[in-house]
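Residue 10 is where the sequence shown starts when you use this note's numbering, and the numbers rise one by one after that.
For every residue, glycine included, the Cβ atom is placed at its ideal position computed from N, Cα and C.
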Amino acid sequence: MLPYPRCDRICPDHTCLYHGAVADIVEAGRYEATWSQADDSDRADGTRDATWHACDLAAYELLEYPPDDATPEQIAQINDSRRRAGLCFAQQMLAADSNELPRSSRSIIDNLPTTSTGEG
């Protein structure tokens with residue numbers, strides 16, 4: 010059994026590369042205020058852009074932007090890894106929220122734009 014409802018979509022090969030590191034970030038609580046503000050903003054305007062930005066910020070702690078001399082393949086790989094780490098972060102933040110229902114959590118994950126501002 011997978012730890013979160015969308016793990017199979019985030020890491021289809023079931024590697025769970027980000028789970029432990031993301032759990033540390035979530036447990037530290039550094040993004041609680043950012044997450045809460047983003048969630049409130051997104052609920053008001055009907056998007057998930059601010060929530061994804063919070064996810065991308067957390068993912069940046071694990072995976073930096075591609076270096077200037079990166080090949081297109083390296084850029085794509087780094088951006089995909091950051092997207093996966095961001096989605097993992099979203100799942101764990103949603104799971105930590107006792108007010109969030111599982112169905113709502115799945116819907117939020119499914120509606121995140123997953124486009125990083127740092128993509129080349």
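Under the three-state reduction of DSSP, Gly-95 is assigned to helix.
With respect to the C-alpha of Leu-71, the residue from Trp-44, His-28, Ile-118 and Ala-104 having the closest C-alpha is His-28. Boundaries of the alpha helix (DSSP H) harbouring Cys-16: 16 to 19, taken from the DSSP string. Taking every protein chain shown into account, the CB of Ser-114 has 16 or more other CB atoms within 10 angstroms, so this residue is buried. Per the coordinates, the alpha-carbon of Thr-56 lies some 26 Å from the alpha-carbon of Pro-21. For Asn-88, the number of other beta carbons within 10 angstroms of its own is at least 16, and it is reported as buried. No residue range can be given for Thr-56, since it is assigned to no alpha helix (DSSP H) and is classified by DSSP as neither H nor E. Leu-110 sits exposed, since fewer than 16 C-beta atoms from the chains shown fall within 10 Å of its C-beta. With contacts defined as CB atoms closer than 8 Å, Thr-43 and Ala-63 qualify as a contacting pair. Contact between the region 74 to 93 and the region 45 to 59 is absent: fewer than 3 CB-CB pairs across the two stretches fall below 8 Å.
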